[in-house]
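Per our numbering, the sequence shown starts with residue 173, numbered consecutively. By construction, the Cβ of each residue, glycine as well, lies at the ideal position given by its N, Cα and C atoms. This structure is a prediction, so every number in the text was calculated from the model and none was measured. The structure appears below as structure tokens.
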Amino acid sequence: MIKACIFDLDGVIVDTAKYHYLAWKKLADELGINFTLEDNERLKGVSRMQSLEIILELGNLKLDEKEKEVLAEKKNKWYVEYISRMGKSEIFPGVEAFIDILRENNIKTAIASASKNTRIILERLDLEKKFDVIIDGTMISKAKPDPEIFLKAAEYLKVQPNECVVFEDAVAGVEAAKRVGMKVIGVGDPDILKDAHTVIQSFEGLDLSIIYNL
Ligand code: BG6
Ligand code: MG
């Protein structure tokens, strides 16, 4: 019995993944580190600091904590500049209609995102009211693939993990949800998200059958 749907934000509800990439790419260029779109897959779903660690590792660069904080802050400033220009047109097609179907059918909805910018984004897109619960990067201590964020979402929603379906675009997120017995719908490339129970490319035309036929 599915009682709730939990959505990742970046790359699922809205294409902020491209802004994360652009901001990290700008930083990597400044540091003289070669950073590709393929490398960027490893950054999806992981925290800001862990993302920086991955980039520094690609460039074989060792920095102290203070220097790392300065760089992470710099990237975030660029990123916030990008997202502050976003509008509702950047919400992925079909997302709002699908969430409305869920709510009309008494299925609870939550956001579970590692991003500390979650609230800014939801506010910017006028989406806050569509979710019963919002868990963001300021409320967790362990990043995906640790399931902490999804367990917290289930707890706040007052449902059991096996009553939840998670929508995820990140390999780390798929793993996190599966670890606690949640069903996972991958959003994106089936070759990359091969461990998900099923994969969709878009929310357009989606109805309840997608979650009941998992
Ligand atoms: C996740 C993104 O949702 O949030 C990651 O997939 C990102 O790419 C992480 O690093 C943290 O985001 P922020 O906005 O707190 O830097
Ligand atoms: Mg994501």
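Range of the contiguous beta strand (DSSP E) that encloses residue i
{"i": "Ile178", "result": "Ala176 to Phe179"}
{"i": "Gly309", "result": "Careful: Gly309 lies outside any beta strand (DSSP E) and carries neither H nor E."}
{"i": "Glu340", "result": "Cys336 to Glu340"}
{"i": "Val359", "result": "Lys355 to Val359"}
Alpha helix (DSSP H) segment containing residue i, residue limits
{"i": "Phe322", "result": "Glu320 to Leu329"}
{"i": "Thr188", "result": "Careful: Thr188 lies outside any alpha helix (DSSP H) and carries neither H nor E."}
{"i": "Lys246", "result": "Glu237 to Ile255"}
{"i": "Ala349", "result": "Val343 to Arg351"}
{"i": "Asn212", "result": "Leu209 to Glu213"}
{"i": "Ser381", "result": "Ser381 to Tyr384"}
Three-state class that DSSP yields for residue i in the structure shown
{"i": "Thr290", "result": "helix"}
{"i": "Glu376", "result": "coil"}
{"i": "Val218", "result": "coil"}
{"i": "Asp201", "result": "helix"}
{"i": "Asp182", "result": "strand"}
{"i": "Gln283", "result": "Checking the sequence, you will find Ile at residue 283 rather than Gln. Of the three classes helix, strand and coil, the one that applies to Ile283 here is strand, per DSSP."}
{"i": "Ile263", "result": "strand"}
CA nearest to the CA of residue i, picked from the options
{"i": "Val218", "options": "Ile293, Ala348 and Gly358", "result": "Ala348"}
{"i": "Val352", "options": "Gly345, Pro333 and Leu365", "result": "Pro333"}
{"i": "Asp460", "options": "Leu224, Val267 and Lys314", "result": "Beyond the ends of the chain as shown, which are 173 and 386, falls residue 460; an answer cannot be given."}
{"i": "Tyr193", "options": "Ile307, Glu210, Met311 and Phe270", "result": "Glu210"}
{"i": "Ile279", "options": "Thr290, Ala326, Asn289 and Met258", "result": "Ala326"}
{"i": "Leu294", "options": "Val184, Lys314 and Asn385", "result": "Val184"}
{"i": "Tyr191", "options": "Ile271, Ile307, Ser287 and Gly345", "result": "Ser287"}
Cutoff 8 angstroms; reference residue i; Cβ partners in own chain excluding five residues on either side
{"i": "Asn206", "result": "Ala200, Leu230 and Gly231"}
{"i": "Leu233", "result": "Leu203 and Ile205"}
{"i": "Asp298", "result": "Lys260"}
Nonlocal neighbours in the same chain, by C-beta distance under 7 angstroms from residue i, ignoring five residues either side
{"i": "Asp379", "result": "Ile273"}
{"i": "Val262", "result": "Checking the displayed sequence, the identity of residue 262 turns out to be Glu instead of Val. The answer, listed in chain order, is Val186 and Asp187."}
{"i": "Lys314", "result": "Glu320"}
Own chain residues within Cβ distance below 6 angstroms of residue i, not counting five before or after
{"i": "Asp341", "result": "Gly183, Val184, Val359 and Gly360"}
Spell out a yes or no on whether the region 251-259 and the region 199-215 are touching, meaning 3 or more CB-CB pairs, one atom from each, closer than 8 angstroms.
As far as the Cβ criterion goes, the region 251-259 does not touch the region 199-215, which means the pair count is below three.
Would you check if there are 3 or more beta carbon pairs closer than 8 angstroms linking the region 348-361 to the region 371-385?
The region 348-361 makes contact with the region 371-385, as at least three CB pairs between them are under 8 angstroms.
Pair every Cβ in the region 296-315 with every Cβ in the region 277-288, then say whether three or more of these pairs are closer than 8 angstroms.
Three or more beta-carbon pairs drawn from the region 296-315 and the region 277-288 are found closer than 8 angstroms, and the two stretches are therefore classed as touching.
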